[in-house]
Amino acid sequence: MMMCKQAQAPVIQIITGGMDLSMLRHRPQKEKVVVVMGATGTGKSRLSIDLATRFQGEIINSDKIQVYEGLDIVTNKITEEECDGVPHHLLGIVDPESDFTAGNFVNSASMAMESIVGRGKLPIIAGGSNSFIEALVDDENYDFRSRYDVCFLWVDVAMVVLHQFVADRIDRMVAAGMVEEVRNMYKPNADYSKGIRRAIGVPEFDSYFRAEYSSSSDEKTRTKLLEAAINETKINTCILAHRQLEKIYRLRSVKGWKIHRLNATKVFQVKGREADEAWGELVTGPASMIVNDFLYSFGQSRGFAGKADGRGRGIREAEMGAAMATATY
């Protein structure tokens, strides 16, 4: 695949602090990476695919559970149809019995990024495991920051709205066969502290499956245990969402990450066509303008095919101002 040629910066003749700024044009420029963050269920995968189709991108999964093979319903892996032809990396590739650490992610994600930029594409890292993202971006050797410029996008939804969505989603997962999926890999006395068995929706069903194996339990008892397992899965997923949100706040306030917040609450309060329109207006539209400005503003490291406005030029300043008014830091 032919890569776009690097744009040449104009020669600047101003002398500042004894340094000729025209020398800056000879400095090696960094590659660009987009990171999509947010609590579980907020639409990170959807936004990452929207951006990938607009900016010739490929997606690197940063969810510490979705990296494992299996339990597609429980881990809510994106389907092939939902991928819309966008290549995904580190999704369902790790043995479910093994442990995949933050260090493993840093090494694997780094190789994936090199491969993606080497083919002239934009790496888009998406997932809810902020500890993985932090380990990659703020590594001890400063390797990531020295090689990449990064744009952080945060899809946010009011918690009271997200809680209801999460509960409804788990009900849909149960209807789609989640319990059967977990039952197929159930092992008595399994270690729930490693591998894919750490996933929310696996240890919660242990008591229920034990009752199924027991000849002394009756149907009424099993029904109550099943209801309790489903309810506990909902509660633990909401707790996870709160922890994810707290980590994002910490990365902004303590580490000073410049994270663009996109408020998607309205999307979850309406349905059908109205929800799709709200998503475009409040999430995809502003995010596309922010990424367009990130990629094509002065000092760009390279050109990527496929501008956000589809006209072969950057977003107008007025449009960018509207996007910044919608997205907050």
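Converting from the sequence shown to my numbering requires adding 279 to each position, the first position being numbered 1. Each residue gets a CB set at the ideal place from its N, CA and C atoms; glycine is no exception.
Assigned exposure category for residue i - 16 Cβ within 10 Å defines buried
i	result
His-521	exposed
Tyr-471	exposed
Tyr-487	buried
Met-568	buried
Glu-337	buried
Met-302	With a pLDDT of only 48 at Met-302, under the threshold of 50, the placement of this residue in the model should not be trusted; the figure read from the coordinates follows. Exposed, since its Cβ has fewer than 16 Cβ neighbours within 10 Å.
Ala-587	At Ala-587, the pLDDT of 38 sits below 50, so the modelled position is not reliable; the number obtained from the coordinates is stated separately. That one is buried.
Val-439	exposed
Ser-408	buried
Ala-454	exposed
Lys-400	buried
Val-313	buried
Lys-550	exposed
Leu-441	buried
Thr-500	exposed
Ala-405	buried
Pro-467	exposed
Lys-311	buried
Arg-540	buried
Gly-564	buried
Asn-420	exposed
Same chain, Cβ closer than 8 angstroms to residue i, five either side skipped, listed in chain order
i	result
Ile-538	Met-316, Phe-431, Leu-432, Trp-433, Ile-527, Leu-530, Arg-531 and Tyr-608
Arg-426	Lys-309 and Glu-310
Alpha-carbon spacing of residue i relative to residue j, whole angstroms
i	j	result
Ser-227	Tyr-575	No information on residue 227 is available, as it lies outside the stretch 280 to 608 that the chain covers here.
Arg-451	Phe-444	10 angstroms
Glu-359	Gly-456	18 angstroms
Asp-435	Lys-545	11 angstroms
Tyr-559	Ile-403	First, the residue type needs correcting, since residue 559 is Gly and not Tyr in the sequence shown. The alpha-carbon atoms of Gly-559 and Ile-403 are separated by roughly 19 angstroms.
Ile-357	Ala-566	21 angstroms
Asn-463	Arg-489	13 angstroms
Leu-561	Asn-355	24 angstroms
Ser-377	Glu-460	19 angstroms
Leu-415	Phe-423	7 angstroms
Asp-342	Asp-428	21 angstroms
Ala-508	Val-533	37 angstroms
Thr-332	Val-396	16 angstroms
Cys-517	Lys-503	21 angstroms
Thr-371	Ser-493	Here residue 371 turns out to be Gly, not Thr, going by the sequence shown. Roughly 33 angstroms separates the two Cα atoms.
Glu-553	Phe-547	10 angstroms
Asn-510	Phe-484	10 angstroms
Ala-557	Gln-308	36 angstroms
Ser-394	His-367	12 angstroms
Ala-543	Asp-555	11 angstroms
Gln-523	Gly-474	20 angstroms
Beta-carbon proximity list for residue i, same chain, < 6 angstroms, skipping 5 on both sides
i	result
Ile-449	Thr-512 and Lys-513
Ala-446	Lys-513
Pro-482	Tyr-471
Asn-515	Ile-479
Own chain residues within Cβ distance below 7 angstroms of residue i, not counting five before or after
i	result
Leu-369	Ile-339, Asn-340, Val-346, Ser-387, Ala-388 and Ala-391
Asp-418	Val-385
Glu-525	none
Leu-519	Thr-319 and Ile-479
Chain C within 8 angstroms of residue i, Cβ atoms only
i	result
Lys-550	Of the protein chains in the structure, only one exists, and it is not chain C.
(request) Note down, one range per segment and in chain order, each alpha helix (DSSP H) of at least 4 residues found wholly within the region 468–522. (result) 485–492
(message) What ranges does the alpha helix (DSSP H) occupy inside the region 318–355, keeping only unbroken runs of at least 4 residues that lie completely in it?
(response) 323–333
(message) With a threshold of 8 angstroms, are at least 3 pairs of Cβ atoms found where one atom belongs to the region 373–388 and the other to the region 310–326?
(response) no
(request) Could you tell me whether the region 356–370 touches the region 318–338, using the rule of 3 or more Cβ pairs below 8 angstroms? (result) yes
(message) Three or more C-beta pairs under 8 angstroms: does that hold for the region 465–479 against the region 341–354?
(response) yes
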